[in-house]
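Heads up, the thing below is written out as structure tokens.
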Amino acid sequence: MFYKNLRRWSLPVAISLLLFPGCGEKSPETGEAAVVAEVGEACIRVKDFRLTFEGAISPQKRGPNPKMAILQDMIREKLLALEGYRQGVEQRPAVRDAVHRLRNELMVEALLEEKVKSRIRISREEIEEAINKSKVSFKFRYWSEGDRATAEKVAEEMRRRGYSPVVDELIAANPEQHIDPARLTTDYLTNESVPEDILAAIGAIPIGDISQPLLRDGRYFIFQVLDIRRSGVTTHEYDNRAPEFEQKLFWTRYIKALGSYGDSLLNPLEVRTSSQSFEALAGALAWWDRQNPEDPEGFIPAVMAGGQADPSLKRLAEMLDDRFYSAGGRITQTRDFLGEFDAARFLKKYQGQVELRSALHQTVGEQIRDRFLLAEAQKEDLADHPIVKEQIPLWQDKWVYSEMRKETRQNLRADSSAARRFFEAHKARFRLKKDQEPVFSDVAGQVRRLADQYRTAQALDSAAHVYARRFPVTIHLEVLDTIRVTRFEKSPGASTQFFRSGTNRQAYPLLDPIWQMLEE
Numbered sequence: 068m069f070y071k072n073l074r075r076w077s078l079p080v081a082i083s084l085l086l087f088p089g090c091g092e093k094s095p096e097t098g099e100a101a102v103v104a105e106v107g108e109a110c111i112r113v114k115d116f117r118l119t120f121e122g123a124i125s126p127q128k129r130g131p132n133p134k135m136a137i138l139q140d141m142i143r144e145k146l147l148a149l150e151g152y153r154q155g156v157e158q159r160p161a162v163r164d165a166v167h168r169l170r171n172e173l174m175v176e177a178l179l180e181e182k183v184k185s186r187i188r189i190s191r192e193e194i195e196e197a198i199n200k201s202k203v204s205f206k207f208r209y210w211s212e213g214d215r216a217t218a219e220k221v222a223e224e225m226r227r228r229g230y231s232p233v234v235d236e237l238i239a240a241n242p243e244q245h246i247d248p249a250r251l252t253t254d255y256l257t258n259e260s261v262p263e264d265i266l267a268a269i270g271a272i273p274i275g276d277i278s279q280p281l282l283r284d285g286r287y288f289i290f291q292v293l294d295i296r297r298s299g300v301t302t303h304e305y306d307n308r309a310p311e312f313e314q315k316l317f318w319t320r321y322i323k324a325l326g327s328y329g330d331s332l333l334n335p336l337e338v339r340t341s342s343q344s345f346e347a348l349a350g351a352l353a354w355w356d357r358q359n360p361e362d363p364e365g366f367i368p369a370v371m372a373g374g375q376a377d378p379s380l381k382r383l384a385e386m387l388d389d390r391f392y393s394a395g396g397r398i399t400q401t402r403d404f405l406g407e408f409d410a411a412r413f414l415k416k417y418q419g420q421v422e423l424r425s426a427l428h429q430t431v432g433e434q435i436r437d438r439f440l441l442a443e444a445q446k447e448d449l450a451d452h453p454i455v456k457e458q459i460p461l462w463q464d465k466w467v468y469s470e471m472r473k474e475t476r477q478n479l480r481a482d483s484s485a486a487r488r489f490f491e492a493h494k495a496r497f498r499l500k501k502d503q504e505p506v507f508s509d510v511a512g513q514v515r516r517l518a519d520q521y522r523t524a525q526a527l528d529s530a531a532h533v534y535a536r537r538f539p540v541t542i543h544l545e546v547l548d549t550i551r552v553t554r555f556e557k558s559p560g561a562s563t564q565f566f567r568s569g570t571n572r573q574a575y576p577l578l579d580p581i582w583q584m585l586e587e
């Protein structure tokens with residue numbers, strides 16, 4: 068443990084700081100920027116530690132001093148990353164590609180921050196109006212038809228004879244559909260839980276009247292409002308709920324503004340996607356999802372290699388030079404589209420889901436949009452925007468560490484008895500019944516997996532201690548002791564995940580869970 072070797076590693080750092088001004092020389096002694104540990108000339112600040120601790124899973128917050136356990140794991144990863152940089156690991160394709168992709172995403176994020184987010188303003192009056200609306204609830208019923216002409220005839224008949232007689236007649240005429248009329252009536256719903264287009268349709272008619280048909284999801288819906296309830300709002304509620312409603316209004320407005328901004332860039336270009344290429348991609352992804360759910364990263368290489376494993380893959384491979392979409396008179400081939408398409412992320416997110424095709428439709432649209440947003444960001448020269456400069460080093464460190472971890476794992480010599488030794492040393496964790504000893508053959512698969520993780524963690528820990536001779540470690544206990552972290556009384560090991568606003572990307576890299584194995 069680095070804590071145990073604190074005295075031995077403090078002196079080399081103190082000497083190196085005199086010769087090479089590092090992170091600690093000009094750093095504040097308190098606050099989020101204070102340095103809690105120095106690793107070579109790199110540093111771990113209070114903000115880094117706090118975000119890492121909050122995001123760590125329960126088993127990582129281990130031992131009598133969870134803060135020290137997390138800090139030591141952070142130091143291990145930092146040491147391995149620094150050695151990786153010394154070896155030039157950041158130049159490996161896996162790291163360079165990941166950094167390139169992230170830089171593009173962050174440049175788009177910076178563009179939207181400047182062109183969209185920063186221009187949105189929410190007034191106090193708007194917030195109070197939204198709170199007032201939340202106190203109004205509607206109860207309504209509906210009917211739908213497949214085409215407008217039929218829907219208009221049904222709506223007119225409802226206005227003449229009433230909703231119930233018409234619906235009863237329609238249900239009786241179609242007994243094979245097994246329609247339950249009770250399921251066509253809603254509970255009391257607030258405006259927050261009713262889509263805007265439906266809210267507009269029912270808000271335009273008095274109670275009991277029949278609405279005009281509304282097209283949504285390919286069908287025409289007819290509504291009748293049965294009741295409206297309103298309750299009062301106290302001054303206390305206005306004050307307490309203002310932040311919540313401000314956020315809701317902000318993101319509602321942001322989504323609309325983002326759509327308008329994207330349209331302003333794309334509409335003049337007349338973007339057209341090839342239905343044949345899209346269907347080929349959808350079919351290939353669906354097959355891969357069924358047959359290789361454990362290998363999402365293998366999809367693109369399999370297609371590029373000719374897709375011999377299945378006709379759906381081969382069809383997509385044969386269309387690599389075909390048009391995937393065109394915009395502004397320029398054609399983007401399927402090959403180029405796939406070069407930017409994060410198939411692994413897509414497959415992980417929608418694995419086994421029936422809506423994979425519709426999700427792909429949305430993802431393709433977002434990728435095309437983001438490509439032109441990136442071009443706009445490059446025009447604005449946003450590569451040095453603070454959003455980009457802050458995030459890139461964090462994630463590059465993590466990816467360099469991951470490469471070192473992968474290399475360490477691959478270099479482990481085979482040890483056929485490792486699983487058996489691990490089982491004998493940790494029998495208690497494999498016991499299924501209190502009064503019955505576990506049998507190795509019953510849990511062999513689980514034991515081998517955990518034993519492999521244990522050996523990898525030990526090898527990484529040993530390597531980190533070796534690298535600490537090159538990159539001396541100093542822990543500032545006086546800073547660590549002052550850091551306050553969130554501990555949930557009922558769930559002491561609970562973690563908090565942080566995501567960047569408007570994205571599904573984590574705001575900060577998480578610790579590798581493998582370190583918990585060191586305490587086994």
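In this note's numbering, the protein residues as written are 68 to 587. The beta-carbon is built from N, C-alpha and C at its ideal position, and this holds for glycine as well. None of the values given here were measured: they were computed from a predicted structure.
For residue i, count the other beta carbons within 10 Å of its own beta carbon; 16 or more makes it buried, fewer makes it exposed. Which is it?
i, result
"residue 369", "buried"
"residue 588", "Examination of residue 588 is not possible in this model, given that the chain is present from 68 through 587 alone."
"residue 89", "Summary for residue 89: the model assigns pLDDT 48, below 50, so the residue's position carries little reliability; its value from the coordinates is reported in the next sentence. Buried is the call here."
"residue 71", "A caution first: residue 71 carries a pLDDT of 42, below 50, which makes its placement in the model too unreliable to give a value."
"residue 128", "buried"
"residue 271", "exposed"
"residue 225", "buried"
"residue 216", "exposed"
"residue 171", "buried"
"residue 366", "buried"
"residue 540", "buried"
"residue 335", "exposed"
"residue 575", "buried"
"residue 499", "exposed"
"residue 123", "buried"
Comparing C-alpha positions only, which one of the options sits nearest to residue i?
i, options, result
"residue 516", "540, 97, 489 and 526", "489"
"residue 522", "409, 483 and 498", "483"
"residue 140", "532, 197 and 453", "532"
"residue 480", "471, 526, 496 and 441", "526"
"residue 135", "579, 573, 543 and 577", "543"
"residue 343", "327, 386, 263 and 305", "386"
"residue 583", "552, 332, 520 and 574", "520"
"residue 315", "296, 195 and 455", "195"
"residue 295", "201, 341 and 352", "201"
"residue 404", "435, 422 and 413", "435"
"residue 319", "233, 187 and 242", "187"
"residue 440", "240, 244, 374 and 328", "328"
"residue 400", "339, 189 and 424", "339"
Let's see if you can read the secondary structure: which residues bound the beta strand (DSSP E) around residue i?
i, result
"residue 506", "Where residue 506 is concerned, there is no enclosing beta strand (DSSP E), given that its DSSP letter is neither H nor E."
"residue 183", "Where residue 183 is concerned, there is no enclosing beta strand (DSSP E), given that its DSSP letter is neither H nor E."
"residue 445", "From DSSP, residue 445 is part of no beta strand (DSSP E) but of the alpha helix (DSSP H) over 423–446."
"residue 117", "From DSSP, residue 117 is part of no beta strand (DSSP E) but of the alpha helix (DSSP H) over 113–122."
"residue 287", "286–297"
"residue 102", "102–106"
"residue 391", "390–394"
"residue 208", "203–212"
"residue 536", "Run containing residue 536: none; DSSP gives neither H nor E here."
Can residue i and residue j be called in contact, C-beta distance under 8 Å?
i, j, result
"residue 286", "residue 212", "yes"
"residue 292", "residue 205", "yes"
"residue 321", "residue 184", "yes"
"residue 357", "residue 198", "no"
"residue 514", "residue 535", "no"
"residue 549", "residue 121", "no"
"residue 257", "residue 203", "yes"
Pull up the CB-CB distance for residue i and residue j, whole angstroms please, since I reckon it's below 8 Å.
i, j, result
"residue 106", "residue 408", "With 8 Å as the limit, residue 106 and residue 408 do not qualify as a contact, their Cβ atoms being about 37 Å apart."
"residue 58", "residue 350", "Nothing can be reported for residue 58, as the shown portion of the chain is limited to 68 through 587."
"residue 100", "residue 112", "6 Å"
"residue 411", "residue 364", "5 Å"
"residue 289", "residue 222", "5 Å"
"residue 588", "residue 162", "Nothing about residue 588 can be read from this structure; the chain reaches only from 68 to 587."
"residue 397", "residue 341", "Between residue 341 and residue 397 the Cβ distance is about 14 Å, and since that is not below 8 Å, they are no contact."
Starting from residue i, follow the alpha helix (DSSP H) in both directions and report where the run begins and ends.
i, result
"residue 354", "342–358"
"residue 140", "133–153"
"residue 318", "302–333"
"residue 466", "453–477"
"residue 266", "263–270"
"residue 367", "366–371"
"residue 414", "410–416"
"residue 545", "544–547"
"residue 401", "401–407"
8 Å is my cut-off, CB to CB: does residue i come that close to chain D?
i, result
"residue 369", "In summary, chain D is missing from the structure at hand, where a single protein chain is found."
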